[in-house]
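So the sequence shown is numbered by numbering that gives the first Met the number 0: it starts at 0 and just counts up by one. All residues carry an ideal CB built from backbone N, CA and C; glycine is no exception. All values reported here derive from a predicted model rather than from experimental measurement.
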Amino acid sequence: MPTETKTVENYVEKPKTLAELRADLVGGKVKAADLAARYYDRIAEVNPRLNVYLSLSKERALAQAARVDALAAKGDPLPPLAGVPVGVKDVLVMKGAPATAGSKILKGYQPPYDATAVSKLEAAGAVLLGKLNCDEFAMGSSNENSAYGPVRNPVDTERVPGGSSGGSAAAVAANMAVASLGTDTGGSIRQPASFCGVVGVLPTYGRVSRYGLIAFASSLDRVGPFAGNVRDAATLLGVIAGHDPKDATSSPAPVPDFAAESDKPVEGLRVGVPAEYFAEGLDAEVRANIEKGIAGLKAAGCTVKPVSLPHTRYAIPTYYLVATAEASANLARFDGVRYGYRSPASETLAGLYKNSREEGFGAEVKRRILLGTYALSAGYYDAYYRKAQQVRRLLAEEFLRVFADVDAIVTPTAPTAAFKLGEKTGDPLAMYLADIYTVTASLAGICGVTVPCGATAAGLPVGMQVLAAHLKEGTAFRVARAVEAAQI
Ligand code: GLN
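As structure tokens, this is what we get:
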């Protein structure tokens, strides 16, 4: 008999917590420069297999590490993320580093500025290791739409890490970064975090500046952190959140100390469980783990009660109209003239546009541009786009009604654990349904956290989604901490 080749490997390695890293740094046990070097070694070792990083920003990272070490040597107070190695999803720009958005059409583009979230991280002392793989223009649920190849799930390399921020989730799960930045338009932070067994945050719309984010759907796009535990995710959100004059949609609301909020006990909090998220299509093992998580919340003193969000079933069609309409407008700027890839063989200007877009965009991106253009076209606008906007309003109002009665809502983050590479690539609708539990909160603009909540018999992580009303991230963190502490 031929010997079986081993194809499934596990690269999971828990990163240190921010508190541990800080103690090491302040105590002189480790230098930021050595830490960065160690992370680059780890990346060199496992990236060929996992395809998590698309580019490394070593020079910038080492210069920052040296700055942190100089501060530490002088005994100066260290900023909150001093020396913390962080990766950045490749839809956020970093000055001088390639920004591909996972697309061939941006190949060779070097942005001349930093995204606000990126500069805030660096100002807080973080060491930016490089740019992370993702689905093309953040469109996808498996990272298989990247023009630079899929990311493999560090828990099981035959499976997808989720998407579109697959690289951001996998980087933390495989300890190729202590934390990372991703973006979430319809689930792209929450679903991959859940598939890879890490914490992911969907901040309230407007909480984090979108300046320097390569836009997919501007009324839905959010920038948020991934981390190995809830408290660290809360610290990171505190660093990147806040009003930014460069993003007119960013909220002027004060930014609380999210980490301190997450420390508060959950006793007395009212937690809603919506029946619509536990219906047909939910995997039995995922359900069993989420139910254990809910039991853990009860044991911690939460009042758990059933709630109803009856319009939930309209969320997927609504999302795929709003998101594609906005994408068709946002992606019009990639014309072969201003950024990245230009088709070499065109004789006219119109031909250059056409060929550059034809050759530069992948199949899913083209599908979305077509769908969105159709939904916005004269004669269809009222039937599709306007209707979708009206349903979006109903979905938001429905959440607000429920949040009058409960402090948080808990659901599974995704209907299944991580699926196999290639399993859904031939069926776009099946892929879209991977977001069935995440898109509604996206449309409503509310916030949430996904926290690991047990695993299937095969060892695949399950995530619980904790949703809270606008600007109530602190409450979502508190509840997520209790689920984490329950060790499902
Ligand atoms: N999977 C969803 C989509 O393809 C969500 C993507 C995202 O949140 N960026 O649109």
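Those residues which DSSP pairs with residue i across a bridge
{"i": "N152", "result": "D155"}
{"i": "P84", "result": "V126"}
{"i": "I408", "result": "G271 and L466"}
{"i": "G199", "result": "F225 and T449"}
{"i": "T182", "result": "V222"}
{"i": "Y52", "result": "L131"}
{"i": "L91", "result": "L212"}
{"i": "P460", "result": "A454"}
{"i": "V207", "result": "A240"}
{"i": "K419", "result": "R158"}
CA nearest to the CA of residue i, picked from the options
{"i": "F402", "options": "V306, V478, F360 and R312", "result": "V306"}
{"i": "A374", "options": "V321, T412 and S345", "result": "V321"}
{"i": "P244", "options": "A475, R209, A299 and A22", "result": "R209"}
{"i": "A489", "options": "I213, D113, S218 and A62", "result": "The chain is shown from 0 up to 487; residue 489 falls before or after that span and cannot be answered."}
{"i": "M430", "options": "A294, A417, G300 and R341", "result": "A417"}
{"i": "P14", "options": "Y38, A22 and Q63", "result": "Y38"}
{"i": "D220", "options": "A137, A192, E358 and I315", "result": "A137"}
{"i": "A518", "options": "D75, G335 and A362", "result": "This structure cannot speak to residue 518, because the chain is shown only from 0 to 487."}
{"i": "K365", "options": "V25, T6, K263 and K103", "result": "K103"}
{"i": "T372", "options": "L330, V7 and T6", "result": "L330"}
{"i": "T439", "options": "L459, E143, T317 and V25", "result": "T317"}
{"i": "L470", "options": "E279, I368 and L201", "result": "L201"}
{"i": "L459", "options": "N288, V465 and G447", "result": "N288"}
{"i": "A258", "options": "A479, D33, R356 and A22", "result": "A479"}
{"i": "D155", "options": "F476, A468, R477 and T455", "result": "T455"}
{"i": "A232", "options": "F476, A481 and A484", "result": "F476"}
{"i": "T248", "options": "Y204, F225, A278 and L212", "result": "Y204"}
{"i": "L236", "options": "T182, V265, S193 and G271", "result": "T182"}
{"i": "G295", "options": "S250, A178, G453 and Y352", "result": "G453"}
{"i": "L70", "options": "V25, P47 and D33", "result": "V25"}
Burial state of residue i, where buried means 16 or more other Cβ atoms lie within 10 Å
{"i": "E325", "result": "buried"}
{"i": "G421", "result": "exposed"}
{"i": "A72", "result": "exposed"}
{"i": "M0", "result": "Note on M0: pLDDT 47, under 50, position unreliable in the model; no value is reported."}
{"i": "A283", "result": "exposed"}
{"i": "Y379", "result": "exposed"}
{"i": "Q486", "result": "exposed"}
{"i": "A18", "result": "exposed"}
{"i": "A457", "result": "exposed"}
{"i": "A387", "result": "buried"}
{"i": "I42", "result": "buried"}
{"i": "V7", "result": "exposed"}
{"i": "S376", "result": "exposed"}
{"i": "P273", "result": "buried"}
{"i": "N9", "result": "exposed"}
{"i": "T415", "result": "buried"}
{"i": "T412", "result": "buried"}
{"i": "E483", "result": "buried"}
{"i": "D406", "result": "buried"}
Neighbourhood of residue i by C-beta distance below 7 Å, restricted to the same chain and skipping five residues each side
{"i": "A169", "result": "L49, V51, V150, N152, P153, P160 and C195"}
{"i": "G129", "result": "Y52, S54, L55, S56 and G86"}
{"i": "Y338", "result": "L105 and Y108"}
{"i": "V207", "result": "A116, R221, V222, G223, I239 and A240"}
{"i": "S145", "result": "G101, N132, C133, D134 and E135"}
N-terminal and C-terminal residue of the alpha helix (DSSP H) that residue i is part of
{"i": "A479", "result": "E472 to A485"}
{"i": "F540", "result": "With the chain running from 0 to 487 in the structure shown, residue 540 is simply not present."}
{"i": "K291", "result": "A283 to A298"}
{"i": "Y352", "result": "L348 to G359"}
{"i": "A326", "result": "A314 to N329"}
{"i": "A443", "result": "V438 to A443"}
{"i": "M497", "result": "For the chain, the structure presents residues 0 to 487; residue 497 sits outside this window and is missing."}
{"i": "D262", "result": "F257 to D262"}
{"i": "E8", "result": "Premise fails: E8 is in no alpha helix (DSSP H) and is neither H nor E."}
{"i": "D68", "result": "K57 to K73"}
{"i": "P343", "result": "No alpha helix (DSSP H) holds P343; DSSP gives it neither H nor E."}
{"i": "Y431", "result": "P427 to Y431"}
{"i": "Q389", "result": "K386 to F402"}
Proximal residues to residue i (C-beta, below 6 Å), its chain only, five neighbours per side dropped
{"i": "K119", "result": "V238 and I239"}
{"i": "G148", "result": "N50"}
{"i": "L370", "result": "T323"}
{"i": "E397", "result": "L308 and H310"}
{"i": "G241", "result": "V254"}
{"i": "A540", "result": "Nothing about residue 540 can be reported from this structure: the residues present for the chain run from 0 to 487 only."}
{"i": "A216", "result": "T184, A322, E325 and A326"}
{"i": "V67", "result": "A31, A81, G82 and G124"}
Residue interval of the beta strand (DSSP E) (run including residue i)
{"i": "T16", "result": "Here T16 belongs to no beta strand (DSSP E), and DSSP marks it neither H nor E."}
{"i": "T372", "result": "Careful: T372 lies outside any beta strand (DSSP E), inside the alpha helix (DSSP H) at A362 to L375."}
{"i": "P305", "result": "T302 to V306"}
Close-in-space but distant-in-sequence residues of the same chain around residue i (CB under 8 Å, 5 per side omitted)
{"i": "I315", "result": "Y431, L432, D434, I435 and V438"}
{"i": "A96", "result": "S54, S56, R59, Q109, P110, G129 and K130"}
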